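Structure first, commentary second.
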Amino acid sequence: MAANEHPNAEAIAIAGLSRLAADDDLLMRFCGLTGILPNDIRQAATQPGFLVGVLDCYMSYEPDLLAWAEADGLKPEAIVAARHALAPEDQAGFE
């Protein structure tokens, strides 16, 4: 799926980042998975692929994915589709 086939992909990822930033436990898990320090997130967010990493964090732990989807009224499949739309060339392991 190309990014233009899922125009809300970036908005979904940004919503995930906002949610992540508001939850200390989730933020620490994200930092542990990515190696990004909490104080460096603003700088890291300017890098290509950062939002894909945010979505990967949720996708790596289903309870977080489902909790976010429920809280924001999203289908989990929409989050997965957003991830694929943001990095269509990087599909290994997610199909």
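Everything in the sequence shown is counted per our numbering, starting at 264 for the first residue and increasing by one. Just so it is clear, CB atoms sit at the ideal spot from N, CA and C, and this is done for glycine as well. The structure presented is a predicted model; accordingly, all values stated were derived computationally and were not measured.
Determine the closest residue to residue i out of the options, with distance taken between C-alpha atoms.
| i | options | result |
| --- | --- | --- |
| S281 | S323, W331, G295 and G312 | W331 |
| I304 | I277, P326 and L329 | I277 |
| R346 | M322, L296 and A307 | M322 |
| A348 | L290, A308 and G312 | G312 |
| G279 | Q306, L318, I299 and P301 | L318 |
| L290 | D327, E352, K338 and L337 | D327 |
Compare the beta carbon distance of residue i and residue j with 8 Å and say whether it is the shorter of the two.
| i | j | result |
| --- | --- | --- |
| A350 | V315 | yes |
Tell me which residue opens and which closes the alpha helix (DSSP H) that residue i is part of.
| i | result |
| --- | --- |
| G316 | F313 to M322 |
| Q306 | I304 to A307 |
| I299 | Counting along the chain, I299 falls outside any alpha helix (DSSP H), and DSSP gives it neither H nor E. |
For residue i and residue j, which I take to be in contact (beta-carbon distance under 8 Å), what is that distance rounded to the nearest angstrom?
| i | j | result |
| --- | --- | --- |
| A341 | I275 | 7 Å |
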